[in-house]
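Beneath this line is the structure, given in C-alpha cells, with notes to follow.
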Amino acid sequence: MHYKKEQVEVLYEVLSLSNEVDEVFLPTLINTLKKEKTQDCLKFLSQDQNKFLLEIESQKVETQSLLEKESTLNGEKNIKIITDVLKKVMDHDFNTQNYSMDDYEEFKMDLTTQITLNKKIIEFLKFLVHLTAFDETYIWCGSNSLHLLVQMKVDLREQCFENIRIRNTSLVGGNFVRCIFNGSEFDNVDISGMNLNQAQLINCNWKNIKIHELKKLKGHNGSVNQVCFSLDGKSLASCSDDNLIRLWDVKTGKIKSRIKVKGQVKSVCFSHNESTLAFSSGKVVYLWNLKTRKQQAKLNGHFQEVSSICFSSNGAKLVSGGGDKFICVWDVKTGQQKAKLYGHSNAVQSICYSPDGTTLASGSKDTSIRLRDVKTGQQKAKLDGSVRYLHSFLTHQNRCGSSTLRPEYESSTLRPEYESLFVFGMQKHQRKYLNQIVAIKFCLPSLTYHFRIAPYCQMLILIVQYLESVRFLCSKHQEHLSYKDNS
1 MHYKKEQVEV
11 LYEVLSLSNE
21 VDEVFLPTLI
31 NTLKKEKTQD
41 CLKFLSQDQN
51 KFLLEIESQK
61 VETQSLLEKE
71 STLNGEKNIK
81 IITDVLKKVM
91 DHDFNTQNYS
101 MDDYEEFKMD
111 LTTQITLNKK
121 IIEFLKFLVH
131 LTAFDETYIW
141 CGSNSLHLLV
151 QMKVDLREQC
161 FENIRIRNTS
171 LVGGNFVRCI
181 FNGSEFDNVD
191 ISGMNLNQAQ
201 LINCNWKNIK
211 IHELKKLKGH
221 NGSVNQVCFS
231 LDGKSLASCS
241 DDNLIRLWDV
251 KTGKIKSRIK
261 VKGQVKSVCF
271 SHNESTLAFS
281 SGKVVYLWNL
291 KTRKQQAKLN
301 GHFQEVSSIC
311 FSSNGAKLVS
321 GGGDKFICVW
331 DVKTGQQKAK
341 LYGHSNAVQS
351 ICYSPDGTTL
361 ASGSKDTSIR
371 LRDVKTGQQK
381 AKLDGSVRYL
391 HSFLTHQNRC
401 GSSTLRPEYE
411 SSTLRPEYES
421 LFVFGMQKHQ
431 RKYLNQIVAI
441 KFCLPSLTYH
451 FRIAPYCQML
461 ILIVQYLESV
471 RFLCSKHQEH
481 LSYKDNS
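Residues in the sequence shown are numbered from 1 upward in steps of one, following full-length UniProt numbering.
Pasting the structure below:
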C-alpha cells in the first residue's frame, strides 16, 4: 500500500485533539459509561442530563490536585472535544481497516514516531480500547489502538481491560502481566509471544486465535516429561527420560546449561526467586542451586516414583507426590521433611498451592481432588470426579463455573462452594498417536503461554485459552485439534 505523508498527518491531527481533554476526564467517562450500561457513546454524550452526571462523577475522582478539580468542572468543554474526536475517528479508516497488516507498516512507523512521547494521545488510545466494551462502533479503532500501544511498547502491565472486544489485529509480544481481561473477546487476533503471566482471563471468548510456533527446542534424546518457565519468563527447564535436565534461554532458544542425572527425570520446577531448581528422579527429589550449579539437597522420603513437585508461593516449602499415594512436605532451607499427608488411594499425579498459599490441592489416579489447609495439613474438602485419572488443575482467585467438555474428555463437576478450583481431567484419545494419557500442567494464578511435550508422541501442547477452549498444536503430525467448552 502506497500512502502519502498527508494521511499520517490527518490521523495525527485527529488524535492530537485529545490533548485538550482533561486527563481525569477519560477514566471518569469510562466509569460512567460502565455504570449507565450505554451502548452508544455519542448519543450518551449528547444528552444534557448525562453531561451533568459526568461533571458530578468527575468531582468524585479521588487523589486529584486542586488544579485538576477546577479543570474537571468544565465538563461541557471536555464533552464537546471528546464528541468531536470520536466523530472524526469514526469516519477515519482507522476505524475500518486492519492497521496490523504489512501494508500499513510504513504508515505506523511515521505515526508512532510522532505519538510515542505524547502521554495524552497514549491515554486516548487506551480510552478507545476501553470503549470497545460498550460501543461496538469503535471496535475497529479500539483494536487498532491496542495494536499501536503494543507496537510502541507502552507499559500495559496491571491494567484493567475487562469486557473489551478486540478483533482482526496483532498483539504479538504484548506485555500484559497481571492485567484483567475478564469477560473480554478476542477474535482473529495474533497473540504470539503475548505475556499473560498472572493475568485474569475469566470467561474470555477466544475465536480464530493465531499463534505461531516461536521456536522448536531440540536436544533431548528421550521422551520429554515436563517443562517449566522461570517466573521472569527468561528461562525454560525441561526434563526427560534421557536422564537430563536442560535449561534453555527462551529468547534465543539456545541451551544455557544441562544437569546430568542418574535416572529418568519426571518433574521439574523453579523456585519463585529463581535461585533453586527442584526435580524428581525415581523416588528422590533434588534441589539444585542455579547460581553455584551444585546440588543443594537430596530429599529422601518416597517409596515409589515421584511424579509431581511444587514450591510454595514464598519458596519456603516444597511438596512432592507420586506412586506411594502420599504427599511429602519439605523445608527447602534445611531439606528436612516437615510432614506426610495421606488420603489418596492411588498415585498422586498433580500437586498445587493456591495463589495465597493457604490451600494445597492434590489430584490423583483415584479420581479425587483433596484440598488441605497448609498450616495444619488437615483435609478441608474432597472432590470426587468422573474422570479416569485427574492429572492437573488450576486454582485462581476468581469464581469459575463447572466445566463440561466434549465426549473425548470428561471433567469433574464441582459443587458451588468449591468453584474456585477448576479441574481438568483427560482420558485416552482414540487416535493412535495420542494413545497415551497426557498430563496438562497449568501455571498459577492464571495461565500464560505454557508448553508441555506429550510422552511417546512428540506432541507439543500449547494452551492458549483459559476455560473456554484448549488447543493442541501437534508439532510432529502437523494437526491442530480444538475442543470447545460447552458449559
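No residue lacks a Cβ here, since even glycine has one placed at the ideal position from N, Cα and C. Since the model is a prediction, treat every value here as computed from it, not as a measurement.
What's the gap between the Cα of leucine 149 and the Cα of lysine 120?
13 Å
Count the other CB atoms within 10 Å of the CB of cysteine 269; is the residue buried (16 or more) or exposed (fewer)?
buried
CA nearest to the CA of leucine 247, picked from Ala199, Ser257, Gln304 and Ser240
Ser257
Grab me the residues of tyrosine 12's own chain with a C-beta within less than 8 Å of its C-beta, minus the 5 sequence neighbours each way, in chain order.
Leu111, Gln114 and Ile115
Determine the extent of the beta strand (DSSP E) in which isoleucine 115 is found, giving its start and end residues.
Taken as a continuous stretch (DSSP letters only), isoleucine 115 belongs to no beta strand (DSSP E), being part of the alpha helix (DSSP H) at 105-115.
Distance between asparagine 163 and aspartate 103 (C-alpha atoms, nearest Å)
29 Å
Classify histidine 212: buried if its beta carbon has 16 or more other beta carbons within 10 angstroms, exposed otherwise.
exposed
Quick one, are the C-beta atoms of serine 320 and serine 345 less than 9 Å apart?
no
Considering only residues of the same chain and omitting the five flanking positions on each side of lysine 298, which have a CB-CB separation below 7 Å?
Val284 and Tyr286
Counting C-beta neighbours from all protein chains within 10 Å, is the total for methionine 109 16 or more, i.e. buried, or is it exposed?
exposed
What distance in whole Å lies between the Cβ atoms of isoleucine 255 and residue 489, which are believed to be in contact at a cut-off of 8 Å?
With the chain represented from 1 up to 487, any question about residue 489 goes unanswered, as that position is not in the structure.
Looking at the secondary structure, which residues open and close the alpha helix (DSSP H) in which lysine 34 lies?
25-36
I believe valine 224 touches serine 235 by the beta-carbon criterion, under 8 Å. Please report the beta-carbon distance rounded to the nearest angstrom.
Going by Cβ atoms, the distance from valine 224 to serine 235 rounds to 16 Å, so no, they are not a contact pair.
Between the beta-carbon of cysteine 353 and the beta-carbon of serine 312, is there less than 9 Å?
Per the sequence presented here, residue 353 reads as tyrosine, with cysteine not at that position. Cβ distance < 9 Å, so tyrosine 353 and serine 312 count as in contact.
Excluding the five sequence neighbours on either side, which residues of its own chain have a C-beta within less than 8 Å of the C-beta of histidine 92, listed in chain order?
Val10, Leu11, Val14 and Cys141
So, with DSSP's three-state summary, where would you put glycine 363?
strand
Rounded to the nearest angstrom, how far is the Cβ of isoleucine 180 from that of glutamine 200, given a contact under 8 Å?
5 Å
Give every residue of the same chain whose Cβ lies closer than 6 Å to the Cβ of glutamate 185, excluding the five residues on either side of it in the sequence, and list them in chain order.
Arg165 and Asn205
Beta-bridge partners of glutamate 76, as assigned by DSSP:
The partner list for glutamate 76 (beta bridge, DSSP) is empty, contrary to what the question assumes.
Between the CA atoms of leucine 371 and serine 18 - distance to the nearest angstrom
52 Å
Backbone CA spacing between glutamine 304 and lysine 215 [nearest angstrom]:
35 Å
Which residue or residues does DSSP assign as beta-bridge partners of glutamate 185?
Arg165 and Asn205
Going by DSSP in three states, serine 240 sits in which element: helix, strand or coil?
strand
Over the uninterrupted beta strand (DSSP E) stretch that includes residue 550, give me the two end residues.
What is shown of the chain runs 1 to 487, which leaves residue 550 out entirely.
Write down the C-beta distance between asparagine 188 and valine 177 rounded to the nearest angstrom, noting that I regard them as a contact closer than 8 Å.
In fact, because the Cβ distance is near 24 Å, the residues do not count as touching under 8 Å.
Reduced DSSP secondary structure (H/G/I, E/B, other) of aspartate 91:
helix
Just the C-alpha distance for valine 8 and valine 24, rounded to the nearest angstrom, thanks.
28 Å
Given that a residue counts as buried once 16 or more other Cβ atoms are within 10 Å of its Cβ, and exposed if not, what is residue 528?
The structure shown has nothing for residue 528, since the chain only spans 1 to 487.
Start-to-end residues for the beta strand (DSSP E) that takes in asparagine 289:
284-289
Run through the DSSP bridge pairs and tell me what cysteine 228 is partnered with.
Ala237
Quick check on valine 33: buried or exposed, where buried means 16 or more other Cβ atoms within 10 Å of its Cβ?
In the sequence as displayed, the identity of residue 33 is leucine instead of valine. By the 10 Å Cβ count, leucine 33 comes out buried.
Valine 154 to serine 143 span [Cα, whole Å]:
15 Å
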